[in-house]
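**Student:**
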Amino acid sequence: TASRLVPIPEGVEVSLKARTVTVDGPRGQLQRNYDHQYIEITKVEKGEKSFIKVQKWQGLKKELACIRSICQSIQNMFTGVTKGYRYKMRLVYAHFPINAVINGNKEIEIRNFLGQKKVFRVNMRADTVIEKCNKVKDQLILEGNDIDAVSQSAAEIQCKCKVRNKDQLIL
């Protein structure tokens, strides 16, 4: 058997039901389902502190590796509902100025990328909010509680604005 303990920070409430972890904090609520793994998730009290125990019985080495991944995922949920996550991106151009328009903090339209007429639209995932930075020119700020949603939104923006069919070393 292999197990790990994840300490529950103050001000955060955790509820467990059939491998589904729900975390409530000052910034909101996050929920994640771990039904794809055969693990046991329980809440443990040790003295005044409380922990989440992630345990797997009779697993092979590769199966036991999922325990640390799940614990880190739960830890990221704790950070998300207490502090949140922020990604910063810059619009970088040499000749054609990139024009970015944000619609309702949930969608970004990128125009004039490499002088193209095509408009690139990217919708933000889940609770992710996007805004332009007032202090730094051409900087985008993506914020949210779920690290997966915020990072995937940033990745989608980067993938949409990828230079294709050109020599990257020259361009």
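Note that the sequence shown covers residues 5 to 175 in this note's numbering.
Don't be surprised by glycine CBs; every beta carbon is placed ideally from N, CA and C.
Contact check, Ile102 vs Ile112 under 8 Å by CB: the rounded distance?
**Tutor:** Incorrect: roughly 11 Å between the Cβ atoms, too far for contact.
**Student:** Examine the ligand NAD and report whether any of its heavy atoms sits within less than 8 Å of the Cβ of Ile112.
**Tutor:** The ligand NAD is not part of the structure shown, which contains no ligands of any sort.
**Student:** Could you tell me whether the Cβ atoms of Gly88 and Glu147 are closer together than 9 Å?
**Tutor:** Yes, the Cβ-Cβ distance between Gly88 and Glu147 is below 9 Å.
**Student:** Excluding the 5 residues preceding and the 5 following Gln79 in the sequence, name in chain order all residues of the same chain whose CB lies nearer than 7 Å to its CB.
**Tutor:** Val10.
**Student:** For Asn149, does the three-state DSSP call read helix, strand or coil?
**Tutor:** Three-state DSSP puts Asn149 in coil, outside helix and strand.
**Student:** In the structure shown, what three-state DSSP assignment does Arg31 receive?
**Tutor:** Three-state result, Arg31: coil.
**Student:** Determine the extent of the alpha helix (DSSP H) in which Thr86 is found, giving its start and end residues.
**Tutor:** Element bounds for Thr86: 65-86.
**Student:** Please say whether Thr5 and Gln59 have beta carbons closer to each other than 9 Å?
**Tutor:** Cβ distance < 9 Å, so Gln59 and Thr5 count as in contact.
**Student:** In angstroms with no decimal places, state the Cα-to-Cα distance between Lys110 and Met128.
**Tutor:** The straight-line gap from Cα to Cα measures roughly 5 Å.
**Student:** Output yes or no for whether 9 Å exceeds the beta carbon distance between Ile151 and Glu135.
**Tutor:** Contact flag unset, no.
**Student:** By the DSSP assignment, the beta strand (DSSP E) with Gln13 in it spans what residues?
**Tutor:** What sits at residue 13 in the sequence shown is Pro, not Gln. From DSSP, Pro13 is part of no beta strand (DSSP E); its letter is neither H nor E.
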